[in-house]
Amino acid sequence: MSTEKDYIDILSAMLTPTIAILGIYIAYQQWRTNKKRLQLDLFEKRYAIFINIKKFIANILTSGIVEQGAEIQFLRDTKSVLFLFDENIANLTSEMYQKANKLNALEKTEKSHVGDKLEKHFDKQEEIKEWFEQQLNNIDTIFMKFLKIDK
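Throughout the sequence shown, residue numbering follows our numbering, covering 23 to 173 in sequence.
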């Protein structure tokens, strides 16, 4: 009889630490789940910006012009870039916006130039388009560290 009482006392004594360990395990699992959810949420937001940037560049390279309103839409699509990426990406998107505006301005003033001025004008446009092409070729590498989901 005393042996049964000893077992009950031992099990009773072990119950509190067992519940504490179980609680710690559950809290750890919740922390891991929340961390993964945060990573997934960040990935989704970052990926959306990444795709919008690629589309913006691809549209410029495909049509050869900055379509009306495209640069404003680009600003809207990338407004949260400073919060989701580092300063380099923010600077890159800012430079893309500036170059798109420059290309747009060059396109609008194209008809007012003739001869050598027109050729220089086209050279400036071509230089900007080549810059955009380089960005499109390198964009996957630039964004890779932000689009990886750790396991």
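For each residue, glycine too, the CB sits at the ideal point set by N, CA and C.
For clarity, every value in this text was computed on a predicted model and none was experimentally measured.
- Taking C-beta atoms under 8 Å as the contact rule, T100 and T115 qualify, at a distance of about 5 Å.
- Look at the segment 36 to 90 and you find no whole run of alpha helix (DSSP H) that is 4 residues long or longer.
- Around the beta carbon of A122, 16 or more other beta carbons sit within 10 angstroms, so the residue counts as buried.
- Using a 10 angstroms sphere on the CB of L125, the tally of other CB atoms reaches 16 or more, which defines it as buried.
- By the C-beta density criterion, M36 is exposed, having fewer than 16 other C-beta atoms within 10 angstroms.
- At a Cβ-Cβ threshold of 8 Å, L158 and K76 count as neighbours.
- Counting only residues of its own chain and dropping the five nearest sequence neighbours on each side, Q61 has a CB closer than 6 Å to the CB of I171.
- In this structure, DSSP gives D172 a state outside helix and strand, which the three-state scheme calls coil.
- Your pair A92 and F78 checks out as a contact, with CB atoms roughly 7 Å apart and the cut at 8 Å.
- By the C-beta density criterion, F96 is buried, having at least 16 other C-beta atoms within 10 angstroms.
- Cα atoms of N110 and R98: separation of roughly 19 Å, rounded to the nearest angstrom.
- Uninterrupted beta strand (DSSP E) stretches at least 3 residues long and entirely within the segment 80 to 152 do not occur.
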